[in-house]
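For the sequence shown, the working numbering gives the first residue as 50, with consecutive numbering after it.
In what follows, a structure is listed as structure tokens, so that the remarks can point back to it.
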Amino acid sequence: SRADRRALARSKIFPQKAPRIGLSACEDAKVERASRAAAPQSAPKGSEVFDLWSTPVETAETLAAKEEARLSTVKKTAMPRPAHVPKTLHQKVSAAPAVLLAHEGQSMNPASGAFEELACLAAAKQLEKEREEEARQRKLHPLSAALREVYGDQAVDEMDEERKVQAYRELKCPGAAAEEPAIAEEAGALGPKSVDGTRRKSQAQRNREKKRRLLSSEQLQKKERKKLVKSVGDIGAILKEMKEREAWLATRRQYRDKMRANRKELEAKHGVVPKTRVLGRTRFAEDDMIVPDAEAASKGLRSMPLQSSAAVRDRFSSIMRRGMLPALPELTTSEIVRRKAKAGRLKRSRKFASPLMKDNLLLKKK
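As structure tokens, then:
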């Protein structure tokens, strides 16, 4: 029985005490645990029949876990499961080959013509990249670009914003500086200004402006009416113009289809990625062409300089070229600020303050 198990456990753990000396709470708990451990274990239940079509029954453990999660103050957010299959699961973004064949001039012992062609091609690509960067900077800063062409980079860097505007005005409007004193004198002769800085108009000026607006509106209506009457006899010319535009649009559509097919062919054969393709936030940019050192190659293969981890970079470049991963962004100031803000949001979302400590934190702030 339970009493016998308790007496047996007490005799094993503690020595015999006097009749009037009892057990402390800690000793009583030890005796209770020992008696429960000595209790006979229940026989294991037989395997229950599993019903495939029955609804799942929640056990006591699952109910206890749900209640604990409900009462807990710790955020436990699981990854959401996808609700549907992505539409682009089995679609290929790019038709570029996985491995691009090297140029003939990149071999160990290239012919002079092949090596010269490779050098010219690399120089042309570098010049094109510099031209694109210059056009982009000109588009972003048109005023500074126009001044740099005339005054030079050093002079423009020493100018402040006001001086830049003045120099640009002198460059584009050479007669404006000479007309400024005359304009100022004329403005002073027109009369005094009101409190808010605008000149007061007389009643005669207001009447003249009102009359001019009425006359201009009437003239515009007459002109539109005359144009409408005249356009009735120009239906043939309008139809002819519409047919010419349709033919021009058809030729333009054919040209676009031809250019699209040409881009696909270049991508499938030579791995040339179109500039309009954007995956994520970035565009893929091909690395600079490698021009081998002809002088080092003439001394032997052992003297050829090798780049570290060139194979790994080539594989990553191939993955990004084929659109399997988004390309790495350029290291610009805006990109650094965006990455820092994203890291800060992640760090702040992981912060947790116990409700018991919030009062103390509020007191510390005060």
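Built from N, CA and C at the ideal position, the CB exists for glycine as well.
By Cβ distance below 8 Å, which residues in the same chain neighbour LYS213 in space, the five residues on each side in sequence not counted? The beta carbon of LYS213 is closer than 8 Å to those of LEU192, SER193, LEU196 and VAL205 in its chain, skipping five residues each way along the sequence.
Kindly indicate which three-state DSSP category LEU220 falls into: helix, strand or coil? Shown here, LEU220 sits in a helix according to DSSP, grouped into three states.
I think LEU328 touches ALA376, with their Cβ atoms under 8 Å apart; what is that distance to the nearest whole Å? With a contact defined as Cβ atoms closer than 8 Å, LEU328 and ALA376 qualify at about 7 Å.
For the 8 Å Cβ check, are there 3 or more pairs between the stretch 359-375 and the stretch 130-146? The stretch 359-375, when compared against the stretch 130-146, does touch it at the 8 Å Cβ threshold.
At 4 residues or longer, what runs of the alpha helix (DSSP H) sit wholly inside the stretch 315-401? Note on the stretch 315-401: whole alpha helix (DSSP H) runs with a minimum of 4 residues are 343-347, 359-370 and 382-398, in chain order.
Can you give me the start and stop residues for the alpha helix (DSSP H) that SER84 sits inside? It spans 74-86 - the alpha helix (DSSP H) in which SER84 sits, taken as one unbroken run.
Three or more C-beta pairs under 8 Å: does that hold for the stretch 76-85 against the stretch 56-66? When Cβ pairs closer than 8 Å are counted between the two stretches, the stretch 76-85 is seen to touch the stretch 56-66, the count reaching three or more.
Count the C-beta pairs between the stretch 165-182 and the stretch 324-341 that are closer than 8 Å, then say yes if the count reaches three, no if not. The stretch 165-182, when compared against the stretch 324-341, does touch it at the 8 Å Cβ threshold.
Under the rule that 16 or more other beta-carbon atoms within 10 Å means buried, what is ALA74, buried or exposed? With fewer than 16 Cβ atoms within 10 Å of its Cβ, ALA74 is classed as exposed.
Tell me the DSSP secondary structure of GLU117 in three-state form. In the structure shown, GLU117 adopts helical secondary structure according to DSSP, grouped into three states.
Identify the continuous alpha helix (DSSP H) that holds VAL106 and give its terminal residues. Where VAL106 is concerned, there is no enclosing alpha helix (DSSP H), given that its DSSP letter is neither H nor E.
Please report how far the alpha carbon of VAL278 lies from the alpha carbon of GLN270, in whole angstroms. Taking the CA atoms as reference points, VAL278 sits about 12 Å from GLN270.
Who are the near neighbours of VAL199 in its chain, counting only those whose CB is closer than 7 Å to its CB and skipping five residues on each side? Only residues of its own chain outside the window of five on either side were considered, and among them LEU220 have a CB closer than 7 Å to the CB of VAL199, listed in chain order.
Near LYS250, what residues of its chain come up, given a Cβ to Cβ distance below 6 Å and the 5 sequence neighbours on each side ignored? Cβ-Cβ distances below 6 Å link LYS250 to nothing in the same chain once the five nearest sequence neighbours on each side are left out.
Alpha carbon to alpha carbon, what distance is there between SER161 and SER367? So the alpha carbons of these two residues sit roughly 29 Å apart.
Give the DSSP-derived three-state secondary structure of THR137 in the structure shown. The three-state secondary structure of THR137, taken from DSSP, is coil.
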